[in-house]
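Heads up: the sequence shown runs through residues -21 to -1, 1 to 198, numbered per mature numbering (1 follows the signal peptide of the UniProt record, and there is no 0). The beta-carbon is built from N, C-alpha and C at its ideal position, and this holds for glycine as well. Here the structure is a predicted model, which means the values were calculated and not measured. Here the structure is laid out as structure tokens; the discussion comes afterwards.
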Amino acid sequence: MKFLKAFLLLLLFCSLNSLNAQESDDYIEFNDRKNTVHGVYLGLSFNYGTIDKAETYSSSFKVAYVANQQFEIGFIGTGFYSDLNRLGLDARNKDLGGFYGGLHLEPILFSKSKVNLSFPLLIGAGAVALFEDNFDDDEEVIVDDDDWEHVFVVEPGINVLYNINRYIQLEAGIKYRLSSKVKFEPEYDLTRINGISGGMGIKIGVFNMGRNRYKKNIR
């Protein structure tokens, strides 16, 4: 009886060892993360800065594709408001507002780390206008079509990215807006909407889509 038990245990051991050897022969180990990893996300950010030394608030929405966690390409739209009359230089109590959007490009360094460094660039166009500061009144703020000035914008920046997980990423950074000329004279002598701003944002999506297999059947 003891001999039978020992024989069965030996048979079981040999069977397991044979299966393990077969698995080793039928599979090779590899890591397909060396291939391109894809990602997509929606992002929202809020920024504070200046235009012509006046306080400026802006928010941006973007949608982008991420290639191999190293480069982003997508579309971004930004709306902003600048409280020009706080300077005490505009007796007509005017403020500045507008929007612009366009191509979003963002190379990323240290992409495999928890914290990344990136260099976003916006290339696009939009429109800006002066309007009466009537927020304390019951009057509706109306801006005529003729009051809008078309503008071309290039906005480079630098961001620090923090990866919470594969679905959520936080960003913080600064950027500088460069614009084509606008003309609001004689109401205001502003010629460009250039200015620096800083802020924070969040990206929600999938940043590393793809299977992370480490074995492949070679049959």
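Kindly list the residues whose CB is nearer than 6 Å to the CB of Leu157, restricted to its own chain and excluding five residues on each side of it in sequence; keep chain order.
For this step, residue 157 is matched to residue 178 along the sequence shown. Result list for Leu157: Val133, Asn173, in chain order.
What three-state label does DSSP hand Asn64 in the structure shown?
Your numbering for residue 64 matches position 85 in the sequence shown. Assignment of Asn64 by DSSP, reduced to helix, strand and coil, places it in the helix class.
Have a look at the DSSP bridge pairing and note the partners of Glu128.
Stepping through the sequence shown from its first residue, residue 128 is reached at position 149. According to DSSP, Glu128 bridges with Val107.
With three or more beta-carbon pairs closer than 8 Å as the criterion, would you say the region 161 to 169 touches the region 82 to 93?
no
With a Cβ-Cβ cutoff of 7 Å, do Phe78 and Gly53 count as a contact?
Translated into the one-based positions of the sequence shown, residue 78 becomes position 99. Translated into the one-based positions of the sequence shown, residue 53 becomes position 74. Cβ distance not < 7 Å, so Phe78 and Gly53 don't count as in contact.
Of the listed residues Gln49, His17, Asn64, nearest to Ile30 (C-alpha basis):
Here residue 30 refers to the residue found at position 51 when the sequence shown is read from its first residue. Closest option to Ile30, Cα to Cα, is Asn64.
Boundaries of the beta strand (DSSP E) in which Arg145 is found, first to last residue
Position 166 of the sequence shown, counted from the start, is the residue given in the question as residue 145. Careful: Arg145 lies outside any beta strand (DSSP E) and carries neither H nor E.
Other residues of its chain near Tyr146: CB distance less than 8 Å, five sequence neighbours each side excluded
As a first step, residue 146 must be located in the sequence shown, where it is residue number 167. Once the five neighbours on either side are set aside, the close Cβ partners of Tyr146 are Ile183, Gly184, Val185, Phe186.
Per-residue DSSP class, three states only, for Lys182
Here residue 182 refers to the residue found at position 203 when the sequence shown is read from its first residue. DSSP places Lys182 in strand when its eight states are reduced to three.
Per DSSP, which residues does Val42 bridge with? Please list them.
Counting from 1 along the sequence shown, the entry for residue 42 is found at position 63. Answer is Leu21, Phe54.
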